[in-house]
Amino acid sequence: MEITLTRPLPPPVLHRAARLLPLAANHDATRLMALVPAKTPHRAARRLRNRLGEQLPIDVITTPYPDADHKVLLNVAFPSTVNAALTAQAHREHQSPERLVELAVHRALAELADQEIDRFDRAVRRLLARTTPAYLLSAVGHALTRLPERPTP
Numbered sequence: 007m008e009i010t011l012t013r014p015l016p017p018p019v020l021h022r023a024a025r026l027l028p029l030a031a032n033h034d035a036t037r038l039m040a041l042v043p044a045k046t047p048h049r050a051a052r053r054l055r056n057r058l059g060e061q062l063p064i065d066v067i068t069t070p071y072p073d074a075d076h077k078v079l080l081n082v083a084f085p086s087t088v089n090a091a092l093t094a095q096a097h098r099e100h101q102s103p104e105r106l107v108e109l110a111v112h113r114a115l116a117e118l119a120d121q122e123i124d125r126f127d128r129a130v131r132r133l134l135a136r137t138t139p140a141y142l143l144s145a146v147g148h149a150l151t152r153l154p155e156r157p158t159p
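The numbers in the numbering used here rise by one with no breaks, and the one at position 144 of the sequence shown is 150.
Have a look at this one:
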C-alpha cells in the first residue's frame, strides 16, 4: 500500500511508526510504502489505517498499481462533518458515499485531461503559426525518438 501524508515526517516519528509496521519512505518522508497482509486491498487499507492512523498524518492510502479492472483503491478518511455531508448527499442521490467520491474523482480527472488537451492544442497552434505542419511533425518525431530522463513541465 502507498501512504500519502499531509506533511513530512520527522525521523523519530517515522522510526516509531516503522516499529509497528515496516515502512519505506521517499526522500522527504511524505510518501510511504508498506506491505500489509490481507485478503483484499480494501482490508489491507483498513488494517493499515487502523494500525498507523493514530501515529501518522495519513492523507490518502492507495494501491500502487491498478487491479485487473484497471482501478486503484483510494482510501480517504474524511473529517466527521465532511463525512456526514457526503453521506447525506449520497443518500439524496441514491448512491453510496464511495460511488459519489468515485464519480467526483472521475469528473475531476476528465476535466484535467480536457485542460491538458486544450493546452496542447494552443501550443501546437502557436507552433504552426511559425512553421509548416511537415516541419512540426518532423520535430515531434525527432523529439519522441529521444527518451528524456524525466519529463519537463
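Yeah, the Cβ is synthetic: ideal placement off N, Cα and C, and Gly gets one too.
Here the structure is a predicted model, which is why all the values come from computation and not from measurement.
How about residue i and residue j: do their beta carbons lie closer than 8 angstroms?
i	j	result
R57	L26	yes
A23	L62	yes
L150	L142	no
V42	L54	yes
L79	T68	yes
Could you name the residues that DSSP lists as bridge partners for residue i?
i	result
R37	T10
N81	I67
L29	A40
If you draw a straight line from the alpha carbon of residue i to that of residue j, how long is it in whole angstroms?
i	j	result
R98	V107	14 angstroms
S102	T137	52 angstroms
R132	E117	23 angstroms
M39	P139	46 angstroms
N89	D127	39 angstroms
P120	R113	Reading the sequence as shown, one finds Asp at residue 120 and not Pro. Approximately 10 angstroms, taken between the alpha carbons.
Assuming residue i contacts residue j (C-beta within less than 8 angstroms), just tell me the rounded distance between them.
i	j	result
E8	P72	That belief does not hold up - the Cβ atoms of E8 and P72 are roughly 12 angstroms apart, past 8 angstroms.
I64	L11	6 angstroms
Counting beta carbon pairs with one atom in the stretch 94 to 101 and one in the stretch 33 to 52, are three or more of them shorter than 8 angstroms? no
Looking at C-beta atoms only, is the number of pairs between the stretch 10 to 24 and the stretch 83 to 92 that lie closer than 8 angstroms three or more? no
Does the stretch 31 to 39 come into contact with the stretch 7 to 16, if we say contact requires no fewer than three beta-carbon pairs (one atom in each stretch) closer than 8 angstroms? yes
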